[in-house]
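One structure is given below, encoded as structure tokens.
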């Protein structure tokens, strides 16, 4: 079924998704999303080099398998900022979940809560922080702040998120203006569903505006003193989101930041910026465990989560995959995406002798330079050729073969 908001189609599904990997959901999402909304998610800035590199750069690092570890049944439970989580995978903040599902962030929060994952919502969310909190009252959540030029607006946000039980703030410093997102320009994308904070403060703005117009209302000038002011006025821990080098990590901690968020905004801002996984080791060394590190951008595999944890992250965010899951399956679709990555993560934990997430943080990672290989598996639908059907290779019964499980073509 499809719900329509002023003619804009929104999924209203709530069903588990079957998948081999999360990448395949990207193509499937086209069947339930309008083109402009789809490419708002599935695109990056300019030529999208950084967007692609975020994922391919994980191949720069190799997980070293371990033998004779005498362990089984790895556990993904972890703790972050005093919050007990079932997984180190986090729902990274993205604006306007209403382009994927009629229940928007409420549905995403339900899916994250079911999977035991940390949820974070954007200043540009469709649903109110109160409704999001009501959807899963005991679930842990953070808030991504686009600092406004208007401190009355900021104060309204601080009061609302604190009353709604948000545990901290991700202060976005890497998107002071919108990156040059050519896909959004080609499809003439504007936010089709109202954004709650703008509706309650400005009375309707936030619907029908472009990404660049929305960013223009945010502060284009953010300095160390803003970190201290946000901490004081909100009364919440503040992570600086958008750190891509050691110097900025030092600056953020010096300004009083309670954590560092390593991200390049999913390759949606500066095209040509390094992949986040390539800068994580340098930043982790500079931070030296003084504050927690959040990491995202390009995560598509459980092995990516493993590598990020082993290279210094405390929690690892996913973005686009869960929005595809939201469109295809609503809350249960989001849960399915997290569970798929957890399944892959547990396999790597077992094969490296890592019983816990703390063990993963001490796992051996090599960096051996190989020629770039970003090809999917040979059984991926984009590469596989039709299997030959001959008189000699067909099972004669409609029942599955007892040995292989194969069915007659």
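Numbering (the numbering used here), first residue to last: 188 to 596.
Idealized CB from N, CA, C, for every residue including glycine.
- The alpha carbon of residue 436 has as its nearest neighbour, out of 469, 564, 412, the alpha carbon of 469.
- Between residue 333 and residue 295 a beta carbon distance of about 18 Å is seen, past the 8 Å cut, so the two are scored as non-contacting.
- Assignment of residue 195 by DSSP, reduced to helix, strand and coil, places it in the strand class.
- In the structure shown, the three-state DSSP call for residue 482 is strand.
- For the set 316, 278, 508, 366, the Cα lying nearest the Cα of residue 349 is the one of 316.
- C-alpha of residue 477 to C-alpha of residue 441: approximately 11 Å in a straight line.
- If you keep only unbroken alpha helix (DSSP H) runs of at least 4 residues inside the segment 208-236, you get 211-216, 222-228.
- A direct Cα-Cα distance of roughly 15 Å separates residue 533 from residue 549.
- DSSP places residue 331 in the uninterrupted beta strand (DSSP E) bounded by 328-332.
- For the options 337, 347, 302, the alpha carbon positioned closest to that of residue 326 is the one of 302.
- Closest in alpha carbon position to residue 448, among 366, 330, 524, is 330.
- If only uninterrupted beta strand (DSSP E) runs of at least 3 residues are considered, those enclosed by the segment 456-531 are 480-482, 502-505.
- Around the Cβ of residue 220, a 10 Å sphere holds 16 or more other Cβ atoms; the residue is buried.
- Closest option to residue 531, judged by alpha-carbon separation, among 231, 275, 241: 275.
- Apart from sequence neighbours up to five positions away, the residues of its chain that approach residue 298 with a beta-carbon distance below 6 Å are 518, 521, 522, ordered along the chain.
- Three or more Cβ pairs drawn from the segment 414-431 and the segment 335-352 lie within less than 8 Å of each other, which places the two stretches in contact.
- Taking each of 281, 417, 443, 467 in turn and checking the Cα distance to residue 382, the smallest one comes out for 281.
- Taking 4 residues as the minimum length, the alpha helix (DSSP H) runs contained wholly in the segment 327-392 are 338-350, 369-373, 383-389, in order along the chain.
- Taking a cut-off of 8 Å for Cβ pairs, the segment 501-518 and the segment 262-278 touch, as three or more such pairs fall below it.
- Given a length threshold of 3 residues, each whole run of the beta strand (DSSP E) inside the segment 239-299 is given here in chain order: 265-267, 270-272, 276-278.
- Residue burial annotation: residue 257 is exposed, with fewer than 16 other C-beta atoms found within 10 angstroms of its C-beta.
- Separation of residue 480 and residue 242 (C-alpha to C-alpha, rounded to the nearest whole angstrom) is 19 Å.
- Distance between residue 290 and residue 196, taken at the CA atoms: about 12 Å.
- Distance from residue 224 to residue 286 at the Cβ level is roughly 4 Å; contact confirmed, criterion being Cβ atoms closer than 8 Å.
- With fewer than 16 other beta carbons inside 10 angstroms of its own, residue 564 counts as exposed.
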